[in-house]
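S.K.:
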Amino acid sequence: FQKFPPKMIYHYLKLQAKVSIHYLEQQAQHGYVMDHGVIHDIARNRFGQAGHRSLEFPLRKPFWKLCGSCVAFRCRPQEAPHIIPFLKRVTQHEHRMFPYLANLANRPLRPVLENLIMYEFNHGENFDHRLNQGKFKERFVKRFQISDASQLDKIHSGFL
Numbered sequence: 194f195q196k197f198p199p200k201m202i203y204h205y206l207k208l209q210a211k212v213s214i215h216y217l218e219q220q221a222q223h224g225y226v227m228d229h230g231v232i233h234d235i236a237r238n239r240f241g242q243a244g245h246r247s248l249e250f251p252l253r254k255p256f257w258k259l260c261g262s263c264v265a266f267r268c269r270p271q272e273a274p275h276i277i278p279f280l281k282r283v284t285q286h287e288h289r290m291f292p293y294l295a296n297l298a299n300r301p302l303r304p305v306l307e308n309l310i311m312y313e314f315n316h317g318e319n320f321d322h323r324l325n326q327g328k329f330k331e332r333f334v335k336r337f338q339i340s341d342a343s344q345l346d347k348i349h350s351g352f353l
């Protein structure tokens with residue numbers, strides 16, 4: 194951290210999958226948790242919508258429950274003595290614990306409610322696939338499939 198200019202603000206994003214993320218323009222105090230996002234089944238060329246539950250979608254799951262690359266912790270160089278131990282502790286746990294652990298550390302994350310991130314699976318390199326455990330995500334994409342032409346255009350222009 195000492196090599197970086199002290200006025201800069203950085204975000205740490207733990208990557209566990211092939212993920213595309215767009216720059217987040219607003220600066221959240223402690224970082225972001227990806228609530229909404231696109232789940233892409235490459236083998237079937239389908240896209241599913243992840244996001245918090247609602248009356249319309251009571252069984253939908255937020256992105257952060259589906260993908261390990263689900264948070265961006267804000268890291269300021271002057272916080273290095275505190276942020277480095279925090280990141281080491283947080284990343285010792287499963288990704289579904291990240292928002293909870295951030296709250297425990299008094300570093301609440303701002304939810305991102307738009308599709309700024311995509312998780313791709315069924316390209317042959319996911320860990321779930323090697324363990325024959327990827328069927329849940331296939332069912333998720335089928336159930337919450339994005340079929341609106343304008344949304345698909347945004348996905349193709351923004352991620353692919």
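194 is the number of the first residue of the sequence shown in my numbering; add one for each residue after it. Just so it is clear, CB atoms sit at the ideal spot from N, CA and C, and this is done for glycine as well.
1) Since Gly261 contacts His288 with CB under 8 Å, what's their CB separation in whole angstroms?
2) Counting only runs that start and end within the stretch 240–321, where is the beta strand (DSSP E) found for 3 or more residues in a row?
3) How far does the beta strand (DSSP E) with His233 in it reach, from first residue to last?
4) Residue range of the alpha helix (DSSP H) that Ile339 falls in?
5) Tell me the rounded alpha-carbon separation between Met227 and Ala236.
6) How big is the Cα-Cα spacing for Pro274 and Tyr312?
7) Would Asn315 be called buried (16 or more neighbouring beta carbons within 10 Å of its own) or exposed?
8) Nearest-angstrom Cα distance between Arg142 and Gln344?
9) Whose CA, out of Leu248, Ala243 and Ala342, lies closest to the CA of Asn308?
10) Buried or exposed for Phe240, please, with buried defined as at least 16 other CB atoms from any protein chain shown within 10 angstroms of its CB.
M.R.: With the structure as the only source:
1) Indexing the sequence shown from 1 puts residue 261 at position 68. Indexing the sequence shown from 1 puts residue 288 at position 95. With a Cβ gap of about 4 Å, Gly261 and His288 count as contacting.
2) Within the stretch 240–321, the complete beta strand (DSSP E) runs of at least 3 residues are 264–268, 303–305 and 310–314.
3) As a working note, residue 233 is residue 40 in the sequence shown. Residues Gly230 to Asp234.
4) The count along the sequence shown starts at 1 and reaches residue 339 at position 146. Run containing Ile339: none; DSSP gives neither H nor E here.
5) Translated into the one-based positions of the sequence shown, residue 227 becomes position 34. Translated into the one-based positions of the sequence shown, residue 236 becomes position 43. Straight-line Cα distance between these residues: approximately 24 Å.
6) In the sequence shown, residue 274 corresponds to position 81, counting from 1. In the sequence shown, residue 312 corresponds to position 119, counting from 1. Cα to Cα, the separation comes out at about 32 Å.
7) By 1-based counting over the sequence shown, the position of residue 315 is 122. By the 10 Å Cβ count, Asn315 comes out buried.
8) Limits of the chain in this structure are 194 at one end and 353 at the other, which puts residue 142 out of reach.
9) Along the sequence shown, read from residue 1 onward, the residue named residue 308 stands at position 115. Closest option to Asn308, Cα to Cα, is Ala243.
10) Position 47 of the sequence shown, counted from the first residue, corresponds to residue 240. With 16 or more Cβ atoms within 10 Å of its Cβ, Phe240 is classed as buried.
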